[in-house]
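Student: Dropping the structure in here first, questions after.
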Amino acid sequence: MKRKATTLAKRAKGSRTFTNALQRAHTFARNPKALRALFEEATRKVGSLPRAPFKELWGYFQAMLRLIRAYYRGQYRDVSFANFVIIIGAIIYVLDPWDLMPDWIPGVGFLDDATILAFAVQKTRETLDEFMTWESGAA
Amino acid sequence: MRELFNEAAKEAATMPREPFGDTWPYFQAMLRLIRAYADGQYIGVPENTLVVIVAAIVYAVNPLDVIPDALPALGYLDDATVVALAVKRSREALDDFMAWETRAR
Numbered sequence: 173m174k175r176k177a178t179t180l181a182k183r184a185k186g187s188r189t190f191t192n193a194l195q196r197a198h199t200f201a202r203n204p205k206a207l208r209a210l211f212e213e214a215t216r217k218v219g220s221l222p223r224a225p226f227k228e229l230w231g232y233f234q235a236m237l238r239l240i241r242a243y244y245r246g247q248y249r250d251v252s253f254a255n256f257v258i259i260i261g262a263i264i265y266v267l268d269p270w271d272l273m274p275d276w277i278p279g280v281g282f283l284d285d286a287t288i289l290a291f292a293v294q295k296t297r298e299t300l301d302e303f304m305t306w307e308s309g310a311a
Numbered sequence: 036m037r038e039l040f041n042e043a044a045k046e047a048a049t050m051p052r053e054p055f056g057d058t059w060p061y062f063q064a065m066l067r068l069i070r071a072y073a074d075g076q077y078i079g080v081p082e083n084t085l086v087v088i089v090a091a092i093v094y095a096v097n098p099l100d101v102i103p104d105a106l107p108a109l110g111y112l113d114d115a116t117v118v119a120l121a122v123k124r125s126r127e128a129l130d131d132f133m134a135w136e137t138r139a140r
């Protein structure tokens, strides 16, 4: 089971969907308007995503969304370009229904999304934790 | 309640995050929920869930608990366990709160 999970993670990371998502993320990261559109699309779609496959990563996923909003509003920019691209790329991947395992496949459609999210959290955890500390100290 | 938030937020900024693992964002969400509740911005949380959340925060912030926080490496294991338990019981309310955060502000 564990080996299966790592294989899936590798395939999801190497998938064309994720490579494309990262490429798009590069342009998004420099464009507040595009970030805003992405944020709004995400909040529209997020209600219909199943939370179960994401387990507790859901909390980090929500933090990513709030970070993107704080960024395009100019309230918070304390994130490296490289980390920001990974965060945006992961969000684009999760929102794309036609990824490695299409999202409409019952039961497994979001497993690849969860592995991409886990990868992004592993890379950017410190950034996200610092952002949340900022959130609770800001107001 | 607002005081609890202020104290907890200050404390949380210096707490080690590793023992909490993936529940850390939920712990932070608890803090923001308490703030939003105290400020009257968000009241859509059932009372018994609110009690669980407040209790978990009070426990995590208190340095003299079952395993005192000053003990190296072990000091926060009990806090992480309590927070994990509270997350289990209040998960839906916290998810709803975070959904509200991205919608409303």
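Chains as they are written, first to last, in the numbering used here: chain A, 173 to 311; chain B, 36 to 140. Just so it is clear, CB atoms sit at the ideal spot from N, CA and C, and this is done for glycine as well.
(1) Between the stretch 213-244 of chain A and chain B, which residues of the former have CB atoms less than 9 Å from a CB of the latter, in chain order?
(2) Taking only the alpha-carbon atoms, compute the straight-line gap between residue 131 of chain B and residue 94 of chain B and give it to the nearest angstrom.
(3) Cβ of residue 116 of chain B less than 8 Å from any chain A Cβ?
(4) DSSP on residue 311 of chain A, reduced to helix/strand/coil?
(5) Return helix, strand or coil for residue 80 of chain B, following the three-state DSSP convention.
(6) Could you round the C-beta distance between residue 229 of chain A and residue 293 of chain A to whole angstroms and report it? I think they count as a contact, below 8 Å.
(7) Are there 16 or more other CB atoms within 10 angstroms of the CB of residue 195 of chain A, so buried, or fewer, so exposed?
(8) Output the distance between the C-alpha atoms of residue 186 of chain A and residue 242 of chain A, rounded to the nearest integer angstrom.
(9) Helix, strand or coil, according to DSSP, for residue 203 of chain A in the structure here?
(10) Who are the Cβ neighbours of residue 311 of chain A in its own chain at under 8 Å, not counting the five residues just before and after it?
(11) Could you check if residue 122 of chain B is buried or exposed, using at least 16 other CB atoms within 10 Å of its CB as the buried criterion?
(12) How close, in whole Å, do the beta carbons of residue 253 of chain A and residue 201 of chain A come, if the pair is a contact with beta carbons under 8 Å?
(13) Spatial neighbours of residue 208 of chain A within its chain, please: CB distance less than 7 Å, with the 5 preceding and 5 following residues excluded, ordered by chain position.
Tutor: Reading from the atomic positions:
(1) 214, 215, 218, 219, 223, 227, 228, 229, 230, 231, 232, 233, 234, 235, 237, 238 and 241
(2) 23 Å
(3) no
(4) No answer about residue 311 of chain A holds up, because its pLDDT of 46 lies below 50 and its placement is not dependable.
(5) coil
(6) 6 Å
(7) exposed
(8) 30 Å
(9) coil
(10) Since pLDDT at residue 311 of chain A reaches only 46, below the 50 mark, its modelled position is unreliable, and no value is offered.
(11) buried
(12) 6 Å
(13) 244
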